[in-house]
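Be aware that the sequence shown starts at 2, since it is given in my numbering, and climbs by one per residue.
Yeah, the Cβ is synthetic: ideal placement off N, Cα and C, and Gly gets one too.
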Amino acid sequence: MADFNHHAGPQTGVKGVIADYQQAQLEQRQRQEQEAAAAKAAQPHYPAPQNVDQTLFTKKEHELSSDEDLDDLDDDPVFKEYREARLAELHQTGFGVLKDATPDEYVDMVDQHAQSDVSIVVVLVNTSRASKRLVEFMQAEVGTFTNTMFLCVQASECGFSDPHVVPIILGYRYGELKHNIVRVVDQFADPINFDRQHVAKLLGKVCQ
């Protein structure tokens, strides 16, 4: 599967990725609604197909934090101190090593390196076999990329509710999203039993 980027400008953070797929889902849903309407008009005595209520990367309203809550956290000195310490830790040990990070931490890293040539590779994972296999092989390979920061983020924390599109690899440079590889396993000849060499080849492409 090729990289997805439906927007003209650079997409920083998970919002751009979500926007791309929301647009794709919207177009698909519109086609389904048009087909359903046509079927209903042709055979009005048949029940219309039910619409899918939840799209690919949407969250229920009560699951989303309000802007006020986020502002309160930003003003909290304890939270600010913790956040700065975490970012310093990622800076110190994140190159050539796959480090766990939160969505906010990874977005901060991208923003902080917007003026540098440091590559940042983010892998979004879940508990699937494919995610665990990808992480295992990445941990064995990332040491060869000493000018690249590798971050591992839980896909669910970024709003990705469809497990079938995970794992995802995002590649950033100069603050811009250069690679957006959704459902990474489709890049491999064998999506189930891909090996370390396949992952090494893909990382070489993303980090170049």
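N- and C-terminal bounds of the beta strand (DSSP E) containing E142: Unbroken run through E142 is the alpha helix (DSSP H), R130 to E142; no beta strand (DSSP E).
Contact set for L203: own chain, Cβ-Cβ below 6 Å, skip 5 residues either direction: Q188
Whether N194 touches P164 by CB criterion (7 Å): No. Outside cutoff.
C-alpha gap between V111 and F151, whole angstroms: Approximately 11 Å between the Cα atoms of the pair.
Beta-carbon proximity check, F138 vs R197, cutoff 7 Å: yes
Reduced DSSP secondary structure (H/G/I, E/B, other) of H114: coil
Same chain, Cβ closer than 6 Å to K179, neighbours up to 5 away in sequence not counted: G172
Strand pairing of Q155, partner residues [DSSP]: V126
Cβ-Cβ separation, V124 to P168 (assumed contact under 8 Å), whole Å: Right, the Cβ-Cβ distance comes to about 6 Å (below 8 Å), so this counts as a contact.
Straight-line Cα distance separating R130 from V154: Approximately 16 Å, taken between the alpha carbons.
Cut-off 7 Å between Cβ atoms - residues of its own chain near A156, not counting five sequence neighbours on either side: L125, V126, N127, V167 and I169
Which residues DSSP lists as bridging G97, in chain order: Answer is none; G97 lacks a bridge partner.
Pairwise C-alpha distance: F96 and N148: 6 Å
DSSP state of V107 mapped onto helix, strand, coil: Contrary to the premise, residue 107 reads as Tyr rather than Val in this sequence. Three-state DSSP puts Y107 in a helix.
One or two residues paired with L171 in a DSSP bridge: V123 and N181
Other residues of its chain near C208: CB distance less than 8 Å, five sequence neighbours each side excluded: S120, V122, F146, T149 and G172
For E177 and A1, the rounded distance between their alpha carbons: Any question about residue 1 goes unanswered here, given that the chain covers just 2 to 209.
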